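Counting from 1, one number per residue, gives the positions in the sequence shown under UniProt numbering.
We put the beta carbon where it would ideally sit given N, CA and C, even for glycine.
All values derive from a computational prediction rather than experimental measurement.
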Amino acid sequence: MALLKTKQSKTLWFSAFISLLACAFCLFNIYLHTPEAAKTASLFCPTNGCVLFEDFTVFDISLWFIGAVVFLILCLLSLKGSRRLVLFFSGLALLLDCFLLFLLIVTSPCVSCLAVALFFALIYIHTRYNSPEYIHGGFKFGVLFIFWSFLFVANIFSAIEESLGSWVITGSKEAEIKLYFSPTCPACIDALTGLATNTKVAFLPVAKDKQDKEIILRLREELNNGADLLTGLRNAHASQIKPELNFFDNLYYSFQLYRNRAYSMRVGDHSLPLMVVNNIPALLVNSDSLSVTPPPVTESSTGNNTTPQTSLGTNQFEETELLYTPLQSTNNSSTNGTARTNGGISRNSVSEQNELSRLFNSEGLGNCQDTVGAIPCPPVGQP
């Protein structure tokens, strides 16, 4: 009995310490959501779920405040030695937490929320494991904890996947525009030609098959050797040398390309090119964002003022539907992009566009609509 009592006392002290630590963590998160600390909040919780659930309330009461109160109660009960009450309240909290973990899985993971869930689990499992009825027999962990563990692990993998982001082959990861492209997609080449020199664009390759993967890996080598994007892409298409990678590098780039393709299929309805745009109002207000300079107003032969025209040949003040539409390929093929404007985006040069178009026509890729996971473009000689 003395040994049993000592073991119980250690468990209560551990529960009290974890409860106090968790209470402080909840209060710290309440502070992070104040205007004074809002800028540093992302450092402690970098996933999108943190922003999504930061204002989540129950009866207009913040979940962080509720969590702080619950952990404080558990701390006091642990200090008092009320093992059954600690086990009951921590088990109830773990059950409710299962619903929250499921909600995080179907929306977006929240690292801070997962930390709170872990605190509840530690209190519950240690209290249950050291309870008198489970010391000499019985199922020490319980079905509730096992079910919670599956949900928790699923959220961990989801948080890791989100924090890794997509693979940018060139450009900044923080760029306002992210363009997902396939190296064998004619409409993607139109997009690359128009945006290759724009510093606000990041380029993310998508490999539909083994051929795409080899071209992308050759493009990566060209970029590492100092070539610009369009030159590197031309050289990658012209070369027949298979990239030499060791097992781990090949596994790494296969994983990166798989994540890019998975993201583009998840949000782009299987169509390429896919453009993801942040900070749309700034892009629409500032004409410099897309390097478009409108000429001055001129008068026509009838004496009426003509509308200001951009270098794209379109009305700068025309109602913008979205941000991007792929330019037409030389065979008048068209592919619907994810975002589009009335008029597209200007090309770098006609010669570059024509050279790339000839390259694609020579491979039999110039007259088909390309989509991720769809039937590939026909080879030369087939309609």
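Near residue i, what residues of its chain come up, given a Cβ to Cβ distance below 8 Å and the 5 sequence neighbours on each side ignored?
i: Leu85; result: Leu77
i: Arg259; result: Glu161, Leu164, Ser166, Trp167
i: Phe65; result: Cys26, Ile30
i: Ile169; result: Phe203, Leu204, Pro205, Ile216, Leu219, Arg220, Leu223
i: residue 450; result: Since the displayed the chain opens at 1 and closes at 383, residue 450 lies outside it and no answer follows.
i: Leu87; result: Tyr124, Thr127, Arg128, Ser131
i: Ser239; result: Arg218
i: Ser254; result: Lys213
i: Leu52; result: Thr107, Ser108, Cys110
By DSSP's criteria, residue i is part of a beta bridge. Which residues make up the other side?
i: Tyr129; result: Paired residue(s): none; Tyr129 is not in a bridge.
i: Thr170; result: Phe203
i: Leu32; result: Beta-bridge pairing links Leu32 to no other residue.
i: Tyr258; result: BP columns for Tyr258 are empty, so no partner.
i: Ile215; result: None, per the DSSP bridge assignment.
Among residues of its own chain, excluding the 5 on either side of residue i, which ones have a beta-carbon nearer than 7 Å to its beta-carbon?
i: Asn278; result: Glu176
i: Ser90; result: Leu74, Phe120, Ile123, Tyr124, Thr127
i: Ser264; result: Tyr180, Val206, Leu272, Leu274, Val372
i: Gly232; result: Leu219, Glu222, Leu223
i: Ala154; result: Ile105
i: Leu103; result: none
i: Val276; result: Lys178
i: Thr6; result: A caution first: Thr6 carries a pLDDT of 43, below 50, which makes its placement in the model unreliable, though a value can still be read off. Same-chain partners within the cutoff: there are none.
i: Phe147; result: Cys98
i: Asn235; result: Glu222, Ala227
i: Gly171; result: Val201, Ala202, Phe203
For the beta strand (DSSP E) containing residue i, name the first residue and the last one.
i: Ala196; result: Ala196 -> no beta strand (DSSP E), and no H or E assigned at all.
i: Val201; result: 201–205
i: Leu179; result: 177–181
Between residue i and residue j, is the Cβ-Cβ spacing less than 9 Å?
i: Pro183; j: Ile156; result: no
i: Arg218; j: Ile241; result: yes
i: Arg261; j: Ala207; result: yes
i: Cys23; j: Ala93; result: no
i: Val106; j: Thr47; result: no
i: Leu144; j: Cys98; result: yes
i: Ser149; j: Pro109; result: no
i: Leu96; j: Phe152; result: no
i: Arg83; j: Ser19; result: no
i: Cys79; j: Leu12; result: In the sequence as displayed, the identity of residue 79 is Leu instead of Cys. Going by C-beta atoms, Leu79 is nearer than 9 Å to Leu12.
i: Lys213; j: Leu251; result: no
i: Phe71; j: Ser62; result: no
i: Leu230; j: Thr199; result: no
i: Lys178; j: Val201; result: yes
i: residue 385; j: Ala196; result: Residue 385 lies beyond the range of the chain shown here (1 to 383); nothing can be said about it.
Only counting the same chain, and skipping five residues up and downstream in sequence, which positions put a Cβ closer than 6 Å to that of residue i?
i: Leu356; result: With a pLDDT of 48 at Leu356, under the threshold of 50, the modelled position of that residue is not reliable, and no figure is offered here.
i: His33; result: Glu54
i: Phe17; result: none
i: Cys45; result: Val111, Ser112
i: Val116; result: Gly67
i: Leu290; result: Residue placement at Leu290 cannot be trusted, given a pLDDT of 47 that sits under 50; what the coordinates show is reported in the next sentence. Result list for Leu290: empty, nothing under 6 Å.
i: Phe14; result: His126
Note the first and the last residue of the continuous alpha helix (DSSP H) segment covering residue i.
i: Asp97; result: 83–106
i: Phe56; result: Premise fails: Phe56 is in no alpha helix (DSSP H) and is neither H nor E.
i: Asn278; result: Note, Asn278: premise wrong, no alpha helix (DSSP H); not H, not E.
i: Lys80; result: 63–80
i: Gly142; result: 142–164
| message | Restricting to runs no shorter than 3 residues, where is the beta strand (DSSP E) found entirely within the segment 224–255? | response | Counting only runs of 3 or more, we get nothing.
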